[in-house]
Amino acid sequence: MSLPLNQPVRDYAPGSPERAAIAAEIQHQRANPRRILPVVGGRRIETGNTCGMFEPHAHYRSLGTYDSAGAGEAEAAIDAALRARHDWSRMSPASRRAVFLRAAELLAGPFNARLVAATMLQQSKTAYQSEIDASCELIDFLRFNVAFAEQLDAIQPISSGTERNRLEQRPLDGFVFAASPFNFTAIAGNLCIAPALMGNTVVWKPSERSVYSAAFLMDLFEAAGMPPGVINMLPADNPAEIGNLVLNHPALAGVHFTGSTAAFDRIWQTVGTNVSAYNSYPRLVGETGGKDFVLAHASADIDALTTALVRGAFDYQGQKCSAASRAYIPESLFGDVCEQLAEKVRSLTVGDVAEFHHFMGAVIDERAFNAITGMLDHAANTSGYRKIAGAEPDKSEGYFVPPTVIACDDPLSRLMTEEVFGPVLAVYSYPDHRLEETLELVDTSTPYALTGAIFAQDQGVIDTLSGALQDAAGNFYINDKPTGAVVGRQPFGGGRRSGTNDKAGSAINLLRWSSPRTVKETLVPVHGHLYPHMAE
Ligand code: NAD
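When we follow the numbering used here, the leftmost residue of the sequence shown carries the number 9, and every step to the right adds one.
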C-alpha cells in the first residue's frame, strides 16, 4: 500500500508568493480580532467569562477574546460527544476518512495562510517555523493517518472453508479527552484527529495559551464536513475545572495528552483513583517533557555540530519538547565549539515574527518569561556556570529571551538536568578519555528520554554510542539536530518520564484509539451436541 508524499516545505524567501500571502493575511488578522466561543455539538456557547488573547512578541496587540468554558460546558460537551458517537462510529470508514482528506486539501489550499498566520501571531513562530507546523505537519497528519488506518484494515485473521473471520477496528466505548499544549498547532490537531479518525468522538481542551490558533483549527474541521459533536472544543482558563469534570466521568474511554510531565501525572493519578468507576479501562496516551541531549565525540564535524546545536536549541525559542538543551562536548573540541556557538548566536535576531528577517520571536507569555529568566538568574548567581553567549531578556514590548549558551562545570547541575523550555543551551566539557562515564551521565542524569543526538564520524564509534544510549531517547539522531521529526519518517515519542511513547504520526498511535471486535461467522452450523469420542 502506498503512502502519501510529505507536504513540501516552502521557504518564504523575499519575493515568494507564500511570503506575500502570509503578509496580507497577518494584516487582515490584526485588523479583525476574534471572539472565540466554546463549540459543543456544533453550537457556539457564550459563557460570559471573557479572557484576552495577545501576540507574545507585541503584547500590546490584542488578538481578541475567548469565552472560557467551565464545568457546565464540559458536561454538555461530553453529552454531545456521546450522542454523536452513534452515527460517527457506524459511518463507513471510507466516508469518515473523506472528512480528513478534505481537511488536508482545504489546509493545503484556502485555509493555508489563515492557519500559518494565526500560528505566527498566537505562538510567536517565524514564518518558517509556522510553515513546518501549521501547514506541513498538520497536512501530513491528516493524510498519513488515513493511510495508516487503511494499513490497519489489512490486519485480518485466517478464514477457512467453513468459517469466515474478521477483525473490525471499533472505536473505544465512550468519549476521548484531548488536552493539547500551546507549542504546536499540528499536535493540537493530531490529538483530535487520531481518535476521531478511528470513530471516536472527542472533548478537546486546547491550551489556554493558544486558543486563537485552535479556533482556526476548529473552523477547518467544520469546513471539512466533520459532523457536529465529533470534536467539541472547550477553551478554558482553568484547565483543572475541565479536567476534574471530564476525568471523573464514567464514560471516559481515553486521554490523548501532550504537555508537561507534571500535568500528565495529575491526569494519570485521577484516572488511577477512579479506575473502578469507569465503564472501561481508559487508554492513557501522553507525550510529556524532555531534557534533550547532544553528545559529540572527538571525531565530530564541528561545523555540523554547532549548526545543529543552534537550530536544535533556538528554533522556536527552544519551546519544542525535542529542543537540544544539554550538550556534552569533548575537551579537545570545547574551545572551538564555544567560539563557533558564540559567533553563530550573535547572528540571531529576536523580534516581531511579522518582520520576516528575525530568527526568533518571543516566548509564549509572562509565566514562561519569568520561569526562563528565573533559571538564567540562578545561573548568573551560582558558581560553576559561565555565560558563553546571550543578551539581556526584555519583556517591555514582547516576551523576548535572547538565545543563551551557558557552560556548566557540574554535569548534574540544574541547568544540565531540568527542563527549561526556552532558548537556553547548557554545555558541559568532558575529558576525551572519559567517554564511557559521559555516556552514563547522558543516560542517567535526567528522568526523561525524549530525543537525543550524537555527532561522530567513525561508524564503529557511532554504533557504540547508539548502543550505550538505547534507552535514553525515543527519537535518536545521528549527525543531526534532535528536533524536526517528520510524519511518516520519524514517528515521534519518548519513554521514561517523557511519555507513553505511542508514536504520534504512525499506525502504533492509531491502534490506541481502537478496541477491535473479532467476528467469526460459521458458514455451515454444527448440528448435534455429542462428540464422536462418546460413541460406544
Ligand atoms: P501544560 O502541561 O501546561 O499544558 C498541556 C495541556 O494540559 C493544556 O491544554 C493544559 O490546559 C492542560 N492541563 C493542564 N492541567 C490540566 C488538568 N489538571 N486537567 C486537564 N488538563 C490540564 O504544557 P504546555 O506548557 O502547554 O506545553 C509545554 C510542555 O509540553 C513541555 O513540558 C513540553 O516538553 C511538553 N511537550 C511535549 C511534547 C512531546 O511530544 N513529548 C510535545 C509538545 C510539548
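Every residue, glycine too, gets a C-beta built ideally from N, C-alpha and C.
Ignoring anything shorter than 4 residues or poking outside the region 210-257, list the alpha helix (DSSP H) runs there in chain order. 219-231, 247-255
Which residues bound the beta strand (DSSP E) around residue 76? Taken as a continuous stretch (DSSP letters only), residue 76 belongs to no beta strand (DSSP E), as it is neither H nor E.
Once you ignore the five residues that flank residue 417 on each side, which residues in its own chain have a CB closer than 6 Å to its CB? 392
Near the ligand NAD: residue 274 beta-carbon under 7 Å from a heavy atom: yes
Quick one, are the C-beta atoms of residue 529 and residue 176 less than 8 Å apart? no
Since residue 123 and residue 115 should fall inside the 8 Å C-beta cutoff, what is the C-beta to C-beta distance between them, to a whole number of angstroms? Contact holds; Cβ gap of about 6 Å.
Is the beta carbon of residue 48 less than 8 Å from the beta carbon of residue 232? no
Taking its Cβ as the centre, do 16 or more other Cβ atoms sit within 10 Å of residue 94, making it buried, or is it exposed? Of the residues assessed, residue 94 falls on the exposed side of the cut-off, its CB having fewer than 16 other CB atoms within 10 angstroms.
Name the residue from 465, 288, 543 whose alpha carbon lies nearest to the alpha carbon of residue 307. 465
Which one of 376, 211, 178 has the shortest CA to CA distance from residue 185? 211
Alpha carbons only, please: which of 78, 81, 463 is nearest the one belonging to residue 309? 463
With distances taken from CA atoms, which of 436, 524, 531 is nearest residue 163? From the listed residues 436, 524, 531, the smallest Cα separation to residue 163 is found for 524.
Who are the near neighbours of residue 459 in its chain, counting only those whose CB is closer than 6 Å to its CB and skipping five residues on each side? 300, 330, 481, 483, 490
Alpha carbon of residue 230 to alpha carbon of residue 96, nearest angstrom: Roughly 14 Å separates the two Cα atoms.
CB of residue 213 to nearest heavy atom of the ligand NAD: below 7 Å? yes
Contact under 8 Å by Cβ, residue 132 with residue 369: yes
At 4 residues or longer, and completely inside the region 468-533: list those alpha helix (DSSP H) runs for me, N to C. 515-519
Do you know how far the Cα of residue 179 is from the Cα of residue 101? Spanning the two alpha carbons is a distance of roughly 11 Å.
Spell out the partners DSSP gives residue 397 in its beta bridges. 413
By Cβ distance below 6 Å, which residues in the same chain neighbour residue 298 in space, the five residues on each side in sequence not counted? 329, 456, 458, 506
For residue 380, verify whether its CB is less than 7 Å away from any heavy atom of the ligand NAD. Not so, every heavy atom of the ligand NAD lies at least 7 Å from the Cβ.
Counting C-beta neighbours from all protein chains within 10 Å, is the total for residue 151 16 or more, i.e. buried, or is it exposed? buried
So, using beta-carbon positions, are residue 312 and residue 336 closer together than 8 Å? The Cβ atoms of residue 312 and residue 336 lie no closer than 8 Å to each other.
Under 8 Å by Cβ, that's how I've got residue 516 and residue 533 pegged, so tell me the actual separation to the nearest angstrom. The Cβ separation is near 38 Å, so there is no contact.
Sufficient close CB pairs (3 or more, under 8 Å) joining the region 61-69 to the region 203-210: Taking a cut-off of 8 Å for Cβ pairs, the region 61-69 and the region 203-210 do not touch, as fewer than three such pairs fall below it.
Unbroken alpha helix (DSSP H) run spanning residue 38, endpoints: 25-39
For the ligand NAD, is there any heavy atom lying closer than 7 Å to the beta carbon of residue 329? Look at residue 329: its beta carbon is less than 7 Å from one of the heavy atoms in the ligand NAD.
How about the region 193-203 and the region 140-149: do they share at least three Cβ pairs that are nearer than 8 Å? yes
With H, G and I counted as helix, E and B as strand and the rest as coil, what does DSSP make of residue 402? Reduced to three states, the DSSP call for residue 402 is strand.
Could you check the C-alpha separation between residue 60 and residue 374 for me, to the nearest Å? 14 Å
Between which two residues does the beta strand (DSSP E) containing residue 336 stretch? DSSP places residue 336 in the uninterrupted beta strand (DSSP E) bounded by 332-338.
Relative to the alpha-carbon of residue 327, which residue among 288, 408, 454 has its alpha-carbon at the smallest distance? 408
Could you tell me if the beta carbon of residue 142 falls within a distance shorter than 7 Å of some heavy atom in the ligand NAD? Not so, every heavy atom of the ligand NAD lies at least 7 Å from the Cβ.
For residue 179, three-class secondary structure by DSSP: strand
Just how far apart, CA to CA, sit residue 140 and residue 19? Between the alpha carbons of residue 140 and residue 19 lies a distance of about 10 Å.
Should residue 320 be labelled buried (16 or more other beta-carbon atoms within 10 Å of its own) or exposed? Under the 10 Å beta carbon count, residue 320 is surrounded by 16 or more other beta carbons and is classified as buried.
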